[in-house]
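The sequence shown lines up with residues 191 to 646 when you count with this note's numbering. This report refers to the structure that appears directly beneath it.
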Amino acid sequence: MTLALFDFIHKTIDKFEQNHKTYEYLEQDLRDIFSKALEAEDQAYIRISSRIKQKESLKEKLIRNKFYLKYDTPEDALNHLSDLIGLIIECRFIVDESRIYNKLFDIFKQYNDNYYQCIYDPNVYLNLRMPQPQLQRNGFTIYRLDGYYLYDNYMVNFELQIKSLVHSFWSEVEHQVVYKNTNFVAYDSFMKNILGTIRDNLDVVDRQLEIVYKEILNNNTSNDYIGMDEHNFKIFVAKTINDLLMVKLTEEIGFTIDFKKCSSILSQFIYITDFLNAEQPQIKMVDYFEHLNLLRITDLSFTEEIKLELPYQNDDPFNNILGQYFESIMNVDYEWHVFFVMLFAIQSGNNIQDFTQFINVIKSLIAQPTWFDNCFESYSEIEKQKAKDELMKELAICLVENGKIEIIHEDKLYKMMIIFRDFVENLQEEYVQFDSFNDDIDFIKEILHRKISSIF
Numbered sequence: 191m192t193l194a195l196f197d198f199i200h201k202t203i204d205k206f207e208q209n210h211k212t213y214e215y216l217e218q219d220l221r222d223i224f225s226k227a228l229e230a231e232d233q234a235y236i237r238i239s240s241r242i243k244q245k246e247s248l249k250e251k252l253i254r255n256k257f258y259l260k261y262d263t264p265e266d267a268l269n270h271l272s273d274l275i276g277l278i279i280e281c282r283f284i285v286d287e288s289r290i291y292n293k294l295f296d297i298f299k300q301y302n303d304n305y306y307q308c309i310y311d312p313n314v315y316l317n318l319r320m321p322q323p324q325l326q327r328n329g330f331t332i333y334r335l336d337g338y339y340l341y342d343n344y345m346v347n348f349e350l351q352i353k354s355l356v357h358s359f360w361s362e363v364e365h366q367v368v369y370k371n372t373n374f375v376a377y378d379s380f381m382k383n384i385l386g387t388i389r390d391n392l393d394v395v396d397r398q399l400e401i402v403y404k405e406i407l408n409n410n411t412s413n414d415y416i417g418m419d420e421h422n423f424k425i426f427v428a429k430t431i432n433d434l435l436m437v438k439l440t441e442e443i444g445f446t447i448d449f450k451k452c453s454s455i456l457s458q459f460i461y462i463t464d465f466l467n468a469e470q471p472q473i474k475m476v477d478y479f480e481h482l483n484l485l486r487i488t489d490l491s492f493t494e495e496i497k498l499e500l501p502y503q504n505d506d507p508f509n510n511i512l513g514q515y516f517e518s519i520m521n522v523d524y525e526w527h528v529f530f531v532m533l534f535a536i537q538s539g540n541n542i543q544d545f546t547q548f549i550n551v552i553k554s555l556i557a558q559p560t561w562f563d564n565c566f567e568s569y570s571e572i573e574k575q576k577a578k579d580e581l582m583k584e585l586a587i588c589l590v591e592n593g594k595i596e597i598i599h600e601d602k603l604y605k606m607m608i609i610f611r612d613f614v615e616n617l618q619e620e621y622v623q624f625d626s627f628n629d630d631i632d633f634i635k636e637i638l639h640r641k642i643s644s645i646f
């Protein structure tokens, strides 16, 4: 005798096939709506692809998600199938995914707490309250949204994804090569790392293609920056630094370390110190490319001790705490050692000058000077400086306490900047008078410490 669950599944599939013509009509209508809305999205949008769920896939989902236990009728099961119709908005580059997502807020207007109604067709709704991008089971992120089409008072659910070309390609690779390969049994951490590396390489390809694409566009309009803007310049320099390190480390010690995020902060450092206010940035850019190429044939040692010309001392509490920590760890922790070897190699000054300048940049990325200078305006100048010093000192203590090299990664610095700015702005509202601020200083620093530590 057949299990009752299979009887339910067969009835659900029968109902699905009865409605298939309706699903086909709605699929095409959804494609037309999104295509019409996104055609004006300049060069980012490429096309819309779609599919209706296949019978075998439907059967698998009904069993895997235990729909036979959750719902009483086939109609209920189909009503709760979030991806009965699947739509993918394809765009050129990864950076375009967020642009397309933000464009949806122009196409859909708020209807209730979660769902927004399409301005082109009031029967189409999209959940724009879902956090984006979402984290998938494979550890990668994706822009994925739930929606529904109201057809004859009957809700037909659809799923909308936004994918760049390389992410679309990777989805096919995962689906066809990994998940459909029944012989692929040993999906252990080693295999996951290999697949992760392949995915990372695709992200690099995406950035390189974006640089080429923008350079072609820029060459048709302006040659001021030899076809390369700030974003692409930093990517190019970061990749060059990373590639250089890989070669040099392999030559000297026979293996490499993950230096991508460190390369990014070095690229940001170069941009801030040498290009942001340069009179002829294009000439500086060429000089840097020549310098980085020269380093390829220059001896760089990653096994010899780094020496500063002078012991580091600074009157600024943040700089002094962080600088003395860096000085104490640069010949002890190998990740920090490699980082400072590269910092001193790519800069032309002496070590202590480059070291001091780097700490200044780190501070400015967390507490942007143009903003921080105007904080605590109700305090006297002495009180204002004391309040800032106390907060920055606690911030430095928190970073040193963590100690890992990720404290200088761009993503962590950005999160610190957001948290620190919100924290200070709330303090200004709560503590209008310095005396009350000073009375609660230990409590304030404890809260700040906890907030910053949560990042790591």
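Heads up, the beta-carbon is just placed ideally off N, CA and C, and yes, glycines get one too.
Residue environment, residue i, which counts as buried when at least 16 other CB atoms sit within 10 Å
i: threonine 411; result: Its pLDDT being 45, under 50, threonine 411 is placed unreliably in this model, and the value from its coordinates should be taken loosely. Counting Cβ neighbours within 10 Å, threonine 411 comes out exposed, since fewer than 16 surround it.
i: isoleucine 425; result: buried
i: methionine 606; result: buried
i: phenylalanine 374; result: Caution applies to phenylalanine 374, whose pLDDT of 45 falls short of 50 and renders its modelled position unreliable; the model cannot decide the point.
i: aspartate 629; result: exposed
i: tyrosine 344; result: exposed
i: valine 427; result: buried
i: isoleucine 598; result: buried
i: serine 247; result: exposed
i: glutamate 442; result: exposed
i: tyrosine 377; result: At tyrosine 377 the pLDDT is 48, less than 50, meaning the model places this residue with poor confidence; the figure from the coordinates comes in the next sentence. Tyrosine 377 is exposed by the Cβ-count criterion.
i: glycine 417; result: The predicted position of glycine 417 is uncertain, since its pLDDT is 47 and thus under 50; a value taken from the coordinates is nonetheless stated next. Buried.
i: glutamate 207; result: exposed
i: isoleucine 608; result: exposed
i: tyrosine 310; result: exposed
i: glutamate 400; result: buried
Closest Cα partner of residue i within the set the options
i: asparagine 509; options: Asp489, Ser644, Arg611, Asn550; result: Asn550
i: histidine 481; options: Lys451, Thr430, Ser453; result: Thr430
i: glutamine 623; options: Tyr306, Lys574, Phe479; result: Lys574
i: histidine 357; options: Tyr339, Ile388, Met320, Asp433; result: Ile388
i: glycine 337; options: Phe330, His270, Asn391; result: His270
i: leucine 434; options: Ser453, Tyr515, Tyr261, Phe423; result: Ser453
i: serine 354; options: Tyr339, Glu441, Ile608, Ile332; result: Ile332
i: phenylalanine 359; options: Asn292, Leu392, Phe330, Leu340; result: Leu392
i: tyrosine 341; options: Asp505, Tyr215, Pro501, Glu499; result: Tyr215
i: serine 518; options: Ser538, Lys497, Phe449; result: Lys497
i: leucine 603; options: Glu499, Val614, Gln558; result: Gln558
i: aspartate 396; options: Asn521, Cys281, Tyr478, Lys451; result: Cys281
i: glycine 593; options: Val285, Phe516, Phe257; result: Phe516
i: leucine 533; options: Lys578, Ile609, Phe465, Phe449; result: Phe449
i: lysine 245; options: Glu229, Asn209, Gln218, Met320; result: Asn209
i: threonine 440; options: Gln398, Asp477, Thr493, Ile401; result: Thr493
i: valine 614; options: Leu589, Glu580, Ile645, Val590; result: Glu580
i: glutamine 322; options: Cys588, Glu217, Tyr291, Phe257; result: Tyr291
i: alanine 577; options: Phe562, His421, Val590, Tyr502; result: Phe562
i: serine 644; options: Ile487, Ile284, Cys588; result: Cys588
i: proline 312; options: Glu229, Leu259, Asp219; result: Asp219
i: serine 538; options: Thr212, Ile460, Glu620; result: Ile460
Close-in-space but distant-in-sequence residues of the same chain around residue i (CB under 6 Å, 5 per side omitted)
i: alanine 586; result: Phe508, Ile511, Leu512
i: arginine 334; result: Gln324, Gln351
i: lysine 243; result: Leu274
i: lysine 635; result: Glu584
i: asparagine 413; result: Residue placement at asparagine 413 is flagged as unreliable, the pLDDT there being 40, under the threshold of 50; the coordinate-derived value follows with that caveat. Cβ within range, chain order: n/a, list empty.
i: serine 457; result: Lys424, Val427, Ala428
Close Cβ partners of residue i (< 7 Å) along its chain, the five nearest in sequence each way excluded
i: methionine 436; result: Thr446
i: leucine 490; result: Lys438, Val531, Ala535
i: glutamine 547; result: Thr463
i: phenylalanine 610; result: Ile556, Ala557, Leu585
i: aspartate 286; result: Ala234, Ser354
i: glutamate 648; result: A query on residue 648 cannot be resolved here, the shown segment of the chain reaching from 191 to 646 and no further.
i: glutamine 618; result: Cys565, Phe566
Chain-order list of residues whose beta-carbon lies under 8 Å from that of residue i (same chain, five-residue window excluded)
i: leucine 316; result: Leu294, Phe298, Tyr305, Tyr306, Cys308, Leu335, Asp336, Gly337, Leu350
i: arginine 640; result: none
i: lysine 451; result: Glu596, His599, Glu600, Asp601
i: glutamate 499; result: Asn540, Asn541, Ile542
i: threonine 372; result: Residue confidence for threonine 372 is low, a pLDDT of 45 falling below 50, so the modelled location carries little weight; the figure read from the coordinates is stated next. Here the set comprises nothing.
i: glutamine 326; result: Ile332
Minimum Cβ-Cβ distance from residue i to chain B less than 9 Å
i: tyrosine 301; result: The chain labelled as chain B is not found in the depicted structure, where only one protein chain is given.
Exercise. Any chance the stretch 562–576 sits against the stretch 523–530, with 3 or more Cβ pairs inside 8 Å?
Worked result: no
For this session: Could you tell me whether the stretch 236–250 touches the stretch 292–304, using the rule of 3 or more Cβ pairs below 8 Å?
Result: no
Exercise. Is the stretch 338–357 close to the stretch 266–276, with three or more CB pairs under 8 Å?
Worked result: Using a Cβ-Cβ distance cut-off of 8 Å, the stretch 338–357 and the stretch 266–276 are in contact, since at least three pairs of beta carbons, one from each stretch, lie closer than that value.
Problem set entry | Segments assigned alpha helix (DSSP H), at least 4 residues, entirely inside the stretch 207–240 | 210–228
For this session: Mind the definition here: the stretch 243–261 touches the stretch 194–207 only if three or more C-beta pairs lie below 8 Å; say whether that holds.
Result: Counting Cβ pairs under 8 Å, three or more are found: they touch.
Problem set entry | Runs of alpha helix (DSSP H) lying entirely within the stretch 422–508, each at least 4 residues, in chain order | 450–460, 471–485
Exercise. In chain order, which continuous runs of the alpha helix (DSSP H) of length 4 or greater are located wholly inside the stretch 287–332?
Worked result: none
Problem set entry | In chain order, each beta strand (DSSP E) run of at least 3 residues that lies wholly inside the stretch 617–643 | none
Problem set entry | Sufficient close CB pairs (3 or more, under 8 Å) joining the stretch 257–268 to the stretch 216–226 | no
Exercise. Which parts of the stretch 237–263 are runs of the alpha helix (DSSP H), unbroken and 4 residues or longer, counting only runs that do not cross its ends?
Worked result: 245–254, 257–260
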